[in-house]
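Peer 1:
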Amino acid sequence: MAELTFFTGPMNCGKSTLALQVDHTEASAGRSGRLFTCLDRSGGASITSRVGLSSPATDVDPDFDFWAWAQAEYRLGHALDYVICDEVQFYTRPHIDQLARIVDDLGIDVYCFGITTDFRSELFPPVARLIELCDRMETLPIRPRCWCGAWGTKNARVKDGIMVTEGAQVEVGDTESGGVGVHYEVVCRRHHRLRLPSTRAGAAHEVPLPFDDPSPA
Ligand SMILES: [Zn+2]
């Protein structure tokens, strides 16, 4: 039975690496697949991982229709056993419905990879749809850490060194820490709440602990 599977985890936990490994493993079994991505870190039509692997992929734009595409492939007699979709948080909700349909009606396995929440810790709409529809959701075992050493679970958007919590849901930025422009980093829930990314780690001692309040009511 074909399945719609969602592999998730914070940034830098190896999702794109796993996407390429799944493709390799499936292809080794003689199965035919196609790779898709959206706004990949390379800026081109490929899935690239931080450990140095990459494979060509089709870039998904909002008008792309997975159902129409899969039907056309089917009619042309092209073998299609599985589809790999990386950076699925940048797809649209209709894309997710189309992917579920190619699983159910055409028997194609769909493996999706992406982060669940944006820089405000709110679900991306296509990911909410994927959680609603998927057969199986897997969290990757590799966990990045916040600069403080705690497990990093939240994505912080840092603009010119300052963490921001307002703005467009999608804004492309670097994932390497830097002083100028937009970058993203994984922080723990506490430092996300306090808006203290690594660029402001030195300010952490200025935050009073709840039992240090000098003027209790
Ligand atoms: Zn932290």
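Sequence positions in the sequence shown follow numbering that gives the first Met the number 0 and run 0 to 216.
For every residue, glycine included, the Cβ atom is placed at its ideal position computed from N, Cα and C.
The structure displayed is predicted, hence computed values, not measured ones.
#1: Fully enclosed by the stretch 113 to 161, which alpha helix (DSSP H) runs are 4 residues long or longer?
#2: Rounded to whole angstroms, what's the CA-CA distance from residue 205 to residue 192? Just pull it up for me.
#3: Just to check my reading of the structure: residue 22 and residue 34 have Cβ atoms closer than 8 Å, yes? What is that Cβ distance to the nearest angstrom?
#4: Can you list, in chain order, the residues of its chain whose CB lies under 8 Å from that of residue 31, leaving out five sequence neighbours each side?
#5: Any heavy atom of ligand 1 within a distance shorter than 7 Å of the CB on residue 68?
#6: Does any C-beta atom of chain C lie closer than 8 Å to the C-beta of residue 192?
#7: What three-state label does DSSP hand residue 192 in the structure shown?
#8: Under a criterion of Cβ closer than 6 Å to any non-hydrogen atom of ligand 1, which residues qualify, in chain order?
#9: From the DSSP output, in three-state form, read off residue 33 for me.
#10: Less than 6 Å between C-beta atoms, sequence neighbours within five positions excluded: which residues of the same chain meet that for residue 146?
Peer 2: On the basis of the supplied data:
#1: 124 to 132
#2: 15 Å
#3: 6 Å
#4: Spatial neighbours of residue 31 in its own chain (CB-CB distance under 8 Å, excluding positions within 5 residues in sequence) are listed in chain order as 77, 78, 79, 80 and 81.
#5: no
#6: Protein chain content of the structure displayed is limited to a single chain, and chain C is not contained in it.
#7: helix
#8: Cβ atoms closer than 6 Å to ligand 1 belong to 145, 147, 149, 186, 187, 189 and 190.
#9: Correct three-state label for residue 33: strand.
#10: Excluding positions up to five away in sequence, the list reads 197 and 200.
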